[in-house]
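When the count follows my numbering, it moves up by one through the sequence shown with no breaks and lands on 185 for the last residue.
The beta-carbon is built from N, C-alpha and C at its ideal position, and this holds for glycine as well.
Quantities reported herein were computed from a predicted structural model and do not represent experimental measurements.
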Amino acid sequence: GVVENLTLFTEVPYLSVEPEADIQDSADGLGDVKIGMDLLAYEDIFEYPYCIPHWDVALETGDADEGLGAGETIWTFGVSVGTVVYEVLHYVGDISFSLNGGTETPNRENVLIASGSIIWDVSKRFSVLVESKVLDENSANDRPYLFQGGMAYKATENLQISWYGGGWSQSDEDVIATLKLGYTF
Numbered sequence: 001g002v003v004e005n006l007t008l009f010t011e012v013p014y015l016s017v018e019p020e021a022d023i024q025d026s027a028d029g030l031g032d033v034k035i036g037m038d039l040l041a042y043e044d045i046f047e048y049p050y051c052i053p054h055w056d057v058a059l060e061t062g063d064a065d066e067g068l069g070a071g072e073t074i075w076t077f078g079v080s081v082g083t084v085v086y087e088v089l090h091y092v093g094d095i096s097f098s099l100n101g102g103t104e105t106p107n108r109e110n111v112l113i114a115s116g117s118i119i120w121d122v123s124k125r126f127s128v129l130v131e132s133k134v135l136d137e138n139s140a141n142d143r144p145y146l147f148q149g150g151m152a153y154k155a156t157e158n159l160q161i162s163w164y165g166g167g168w169s170q171s172d173e174d175v176i177a178t179l180k181l182g183y184t185f
């Protein structure tokens, strides 16, 4: 956190893309780097419920021709609302809106995103989670949605290691697996 209740973040993704069709080769490399912020705008005296407005910008650092990036800058704004039950079950809902950043991909629409997750703190260091996401791309196509599960382990006070796996439906993407290293200053 930069100041109390304000967090700045950077995501630097390394992607491995393996298309099902033979029209494109597999690719590995840097994806679109994101920078953004989260603001803890409201928190009850017991630390929940809470409300967190957030924004981020995905920069054009990934190769769009290889499937590693969007080929344009994408701004996303949203708000997350959550609470905790029995001091170990976290429920979070999020509504976000991604803005088409350019004219290079004229078929890309602005996207409304609704997400939800449940996190169970098994211990002070280890959690398991399930989450879902649905996209409304304002198109005639079906709405893509994601279901995934995962776990997070807090290795030190500042370092967290997370693993997620799941899949998209009604989307060009199919299976997704993520290994995330998070370091907090």
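Coarse secondary structure for residue i, derived from DSSP in three states
{"i": "E72", "result": "coil"}
{"i": "D121", "result": "strand"}
{"i": "D25", "result": "coil"}
{"i": "D94", "result": "strand"}
{"i": "E4", "result": "coil"}
{"i": "E66", "result": "helix"}
{"i": "L179", "result": "strand"}
{"i": "D56", "result": "strand"}
Cutoff 7 Å; reference residue i; Cβ partners in own chain excluding five residues on either side
{"i": "R125", "result": "Y153 and K154"}
{"i": "T184", "result": "N158"}
{"i": "A41", "result": "C51, I52 and P53"}
Sub-8 Å separation of residue i and residue j beta-carbons
{"i": "V92", "j": "S117", "result": "yes"}
{"i": "F97", "j": "T73", "result": "no"}
{"i": "K34", "j": "V17", "result": "no"}
{"i": "V111", "j": "L89", "result": "no"}
{"i": "G165", "j": "F147", "result": "no"}
{"i": "G62", "j": "P19", "result": "no"}
{"i": "G149", "j": "S162", "result": "no"}
{"i": "Y48", "j": "V84", "result": "yes"}
Nonlocal neighbours in the same chain, by C-beta distance under 6 Å from residue i, ignoring five residues either side
{"i": "T103", "result": "Only weak support is given to the placement of T103: the predicted model assigns it a pLDDT of 48, under 50, and the question is left unresolved by the model."}
{"i": "S115", "result": "D94 and K133"}
{"i": "S127", "result": "I119, D121 and A152"}
{"i": "P13", "result": "G31"}
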